[in-house]
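Participant: Numbering (the numbering used here), first residue to last: 45 to 442.
Virtual Cβ for every residue (Gly too), placed ideally from N, Cα, C.
Predicted model, so just to flag it, every value in this text is computed and none were measured.
(1) Excluding the 5 residues flanking residue 116 on each side, which residues of the same chain have their C-beta closer than 6 Å to its C-beta?
(2) Please state whether DSSP places residue 366 in a helix, a strand or coil.
(3) Would you call the segment 382 to 391 and the segment 414 to 432 touching, i.e. three or more CB-CB distances under 8 Å?
(4) Beta carbon of residue 184, beta carbon of residue 75: below 7 Å?
(5) Drop a sphere of 10 angstroms on the beta-carbon of residue 450, count the other beta-carbons inside from all chains shown, and report buried for 16 or more, exposed for fewer.
(6) Quick one: what's got a C-beta closer than 6 Å to residue 138's C-beta in the same chain, skipping five residues either side?
(7) Measuring straight from C-alpha to C-alpha, what distance separates residue 428 and residue 382?
(8) In three-state terms, what does DSSP make of residue 388?
(9) Given that a residue counts as buried once 16 or more other Cβ atoms are within 10 Å of its Cβ, and exposed if not, what is residue 197?
(10) Locate the alpha helix (DSSP H) running through residue 164, then write down its first and last residues.
(11) With a cut-off of 8 Å on the beta carbons, I'd call residue 199 and residue 133 a contact; round off their distance for me.
(12) Are residue 124 and residue 135 closer than 7 Å when you measure CB to CB?
(13) Mind reading off the beta-carbon distance from residue 375 to residue 426? Whole number of angstroms is fine, and I expect it under 8 Å.
(14) Any idea which residues DSSP pairs residue 152 with across the strands?
(15) Helix, strand or coil for residue 336, going by three-state DSSP, please let me know.
(16) I need the DSSP call for residue 71, collapsed to helix, strand or coil.
(17) Taking the C-alpha atoms as reference points, what is the distance between residue 284 and residue 350?
(18) Per DSSP, what kind of secondary structure is residue 308 in: helix, strand or coil?
(19) Under the rule that 16 or more other beta-carbon atoms within 10 Å means buried, what is residue 186, buried or exposed?
(20) When you compare the CB positions of residue 368 and residue 354, do they come within less than 7 Å of one another, or not?
(21) Where does the unbroken alpha helix (DSSP H) through residue 430 begin, and where does it stop?
(22) Going along the chain, which residues of its own chain have a beta-carbon closer than 7 Å to the beta-carbon of residue 202, five neighbours each way excluded?
(23) Just checking my contact of residue 276 with residue 269 at CB under 8 Å: how many whole Å lie between their CB atoms?
(24) Counting along the chain, where does the alpha helix (DSSP H) carrying residue 382 start and finish?
(25) Between the C-alpha atoms of residue 334 and residue 313, what's the straight-line distance to the nearest angstrom?
(26) What residue from 89, 129, 113 has the CA that sits closest to residue 140's CA?
(27) According to DSSP, is residue 279 helix, strand or coil?
(28) Cα-Cα, which of 352, 342, 332, 345 is closest to residue 322?
(29) Thinking just about the alpha-carbon of each residue, which of 177, 341, 109 is nearest to the one in residue 153?
(30) At what residues does the alpha helix (DSSP H) containing residue 99 begin and finish?
(31) Counting only beta-carbon separations shorter than 7 Å, does residue 332 have a partner in chain C?
(32) In the structure shown, what three-state DSSP assignment does residue 407 receive?
(33) Between residue 357 and the rest of its own chain, which residues show a CB-CB distance below 7 Å, the 5 nearest in sequence each way excluded?
(34) Is it right to say residue 65 is buried, meaning 16 or more other beta carbons lie within 10 angstroms of its own, or is it exposed?
(35) On the CB-based measure, 16 or more other CB atoms within 10 Å of its CB, does residue 402 come out buried or exposed?
Following this line, the structure appears as structure tokens:
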């Protein structure tokens with residue numbers, strides 16, 4: 045992940061001395077090179093902005109400006125390499141721009157025009173010319189008349205260069221971190237949604253759909269035997285009636301797995317109590333919520349507890365369990381405890397890793413405390429959003 049390079053003990057140049065060591069000559073070379081580099085950068089920035097702004101009335105103006113900002117990124121890369129080589133400034137490279145193929149040409153164009161790295165580099169190119177003229181003149185004169193104190197002058201001027209590089213050419217660490225997190229979370233959300241759709245399709249195909257097909261065939265046979273063998277037809281109708289009940293129950297279970305009606309109608313407390321009633325281990329539920337959270341957060345909390353209670357039933361060997369839900373500031377906390385054998389891990393094959401990924405995708409946390417021999421305490425944390433905010437996203441309040 046890209047992180048902003050900050051000054052550290054390793055980044056600090058050696059102290060300036062009257063004798064000219066290697067690092068002083070590197071600083072002098074950097075300051076003298078500021079003028080030609082500044083001329084190139086200034087001419088490039090003026091040309092790109094003047095051409096792009098002048099042609100915005102045509103269809104080629106904005107694409108030219110976008111390409112110019114991408115070229116500015118190359119100029120910034122060169123300047124970071126120059127500062128790293130001559131000034132010892134360690135600045136990480138920013139994240140690359142996404143290609144055209146990911147979101148199409150309009151998406152690429154919009155992202156390029158809003159690129160903060162490119163615009164900061166343009167500003168850097170503008171400032172580089174007047175500063176380059178000043179440093180070139182001072183260093184040229186200093187080589188002849190300021191020889192005894194030239195290392196200290198070079199150090200002071202090069203420190204300004206270091207500050208410019210860190211301020212304008214260093215990527216924003218918080219922005220870069222958040223972009224990387226969002227890209228990762230988006231992949232997790234997409235994969236989770238695809239897995240849920242495959243699960244629903246599989247359950248429908250292997251469960252209710254197959255049973256309904258068999259029911260239709262049985263009713264067809266019963267219809268044929270209705271006149272020839274009424275008793276056999278009646279038995280087949282009775283069997284079909286039993287199949288209908290089983291199919292309805294499977295459909296109810298499937299609908300409950302998508303989004304249970306009790307959660308929508310009565311909230312998280314009642315829905316968790318219903319989950320606890322179906323668990324094979326006695327479960328005590330305590331919910332201390334002053335209000336109902338947003339529907340998406342409520343659903344995430346419900347399915348998290350559902351998965352954890354299934355693990356308690358299948359893997360823990362526990363005799364008792366408890367579920368506690370409460371709100372702290374702007375977070376919704378869930379704690380599931382059991383007195384089983386312990387040993388739960390994220391890589392244990394019980395779906396814990398999937399739960400951690402799902403919670404991470406919504407800016408949540410997932411912590412397991414399960415020593416061998418038990419007990420097991422699993423804490424999940426979700427961001428709290430008020431249910432009234434659902435109106436802004438088009439979700440009706442309940």
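Facilitator: Let's see:
(1) Translated into the one-based positions of the chain shown, residue 116 becomes position 72. Around residue 116: 162, 165, 166.
(2) One-based indexing of the chain shown puts residue 366 at position 322. Residue 366: strand per DSSP, three-state reduction.
(3) yes
(4) Looking up residue 184 in the chain shown gives position 140. Looking up residue 75 in the chain shown gives position 31. Taking 7 Å as the Cβ cut-off, residue 184 and residue 75 do not qualify as a contacting pair.
(5) Given that the chain is displayed from residue 45 to residue 442, the structure contains no residue 450 and the question cannot be resolved.
(6) Within the chain shown, the letter at position 94 stands for residue 138. The answer, listed in chain order, is 161, 215.
(7) Residue 428 sits at position 384 when you count from the first residue of the chain shown. Residue 382 sits at position 338 when you count from the first residue of the chain shown. C-alpha separation (whole angstroms): 26 Å.
(8) Looking up residue 388 in the chain shown gives position 344. DSSP places residue 388 in coil when its eight states are reduced to three.
(9) For this step, residue 197 is matched to residue 153 along the chain shown. By the neighbour-count rule (16 or more Cβ atoms within 10 Å), residue 197 is buried.
(10) Here the question's residue 164 lines up with position 120 in the chain shown. Segment 160 to 189, the alpha helix (DSSP H) holding residue 164.
(11) Here residue 199 refers to the residue found at position 155 when the chain shown is read from its first residue. Here residue 133 refers to the residue found at position 89 when the chain shown is read from its first residue. Wrong, their Cβ atoms sit about 14 Å apart, outside the cutoff.
(12) Numbered from 1 along the chain shown, position 80 holds the residue referred to as residue 124. Numbered from 1 along the chain shown, position 91 holds the residue referred to as residue 135. In this structure, residue 135 lies closer than 7 Å to residue 124 by Cβ.
(13) Here the question's residue 375 lines up with position 331 in the chain shown. Here the question's residue 426 lines up with position 382 in the chain shown. Their Cβ separation, rounded to whole angstroms, is 7 Å, which keeps residue 375 and residue 426 in contact under 8 Å.
(14) Residue numbering aside, residue 152 sits at position 108 when the chain shown is read from its first letter. In DSSP, residue 152 forms no bridge with anything.
(15) Here residue 336 refers to the residue found at position 292 of the chain shown. Residue 336: coil per DSSP, three-state reduction.
(16) For the purposes of this step, residue 71 is identified with residue 27 of the chain shown, where counting begins at 1. Residue state, collapsed to three classes: helix.
(17) Your numbering for residue 284 matches position 240 in the chain shown. Your numbering for residue 350 matches position 306 in the chain shown. About 32 Å.
(18) Translated into positions along the chain shown, residue 308 becomes position 264. Three-state DSSP puts residue 308 in a helix.
(19) Along the chain shown, one-based indexing puts residue 186 at 142. Classification of residue 186: buried, given that the 10 Å Cβ count is 16 or more.
(20) Stepping through the chain shown from its first residue, residue 368 is reached at position 324. Stepping through the chain shown from its first residue, residue 354 is reached at position 310. Contact flag unset, no.
(21) Against the chain shown, residue 430 aligns to sequence position 386. Here residue 430 belongs to no alpha helix (DSSP H), and DSSP marks it neither H nor E.
(22) In the chain shown, the residue the question calls residue 202 occupies position 158. The residues are 71, 74, 75, 131.
(23) On the chain shown, position 232 is the one that residue 276 refers to. On the chain shown, position 225 is the one that residue 269 refers to. At roughly 5 Å, the Cβ-Cβ gap stays under 8 Å, so residue 276 and residue 269 are in contact.
(24) Residue 382 sits at position 338 when you count from the first residue of the chain shown. Taken as a continuous stretch (DSSP letters only), residue 382 belongs to no alpha helix (DSSP H), being part of the beta strand (DSSP E) at 375 to 382.
(25) If you number the chain shown from 1, residue 334 lands on position 290. If you number the chain shown from 1, residue 313 lands on position 269. Rounded to whole angstroms, residue 334 to residue 313 spans 11 Å at the Cα level.
(26) Position 96 of the chain shown holds residue 140. Nearest C-alpha to residue 140: 113.
(27) One-based indexing of the chain shown puts residue 279 at position 235. In the structure shown, residue 279 sits in a helix (DSSP, three-state: H, G or I).
(28) Start at 1 with the first residue of the chain shown, and residue 322 comes out as number 278. That would be 352, whose Cα lies nearest to the Cα of residue 322.
(29) Counted from its first residue, the chain shown places residue 153 at position 109. Cα-wise, what sits closest to residue 153 is 109.
(30) Against the chain shown, residue 99 aligns to sequence position 55. Here residue 99 belongs to no alpha helix (DSSP H), and DSSP marks it neither H nor E.
(31) The structure shown has no chain C; it contains just one protein chain.
(32) As a position in the chain shown, residue 407 is number 363, starting the count at 1. Residue 407 falls in the coil class under three-state DSSP.
(33) Counting from 1 along the chain shown, the entry for residue 357 is found at position 313. Same-chain partners within the cutoff: 323, 324, 325.
(34) Working through the chain shown from its first residue, we reach residue 65 at position 21. The residue in question, residue 65, is exposed, as its Cβ has fewer than 16 Cβ neighbours within 10 Å.
(35) Here residue 402 refers to the residue found at position 358 of the chain shown. Result: buried.
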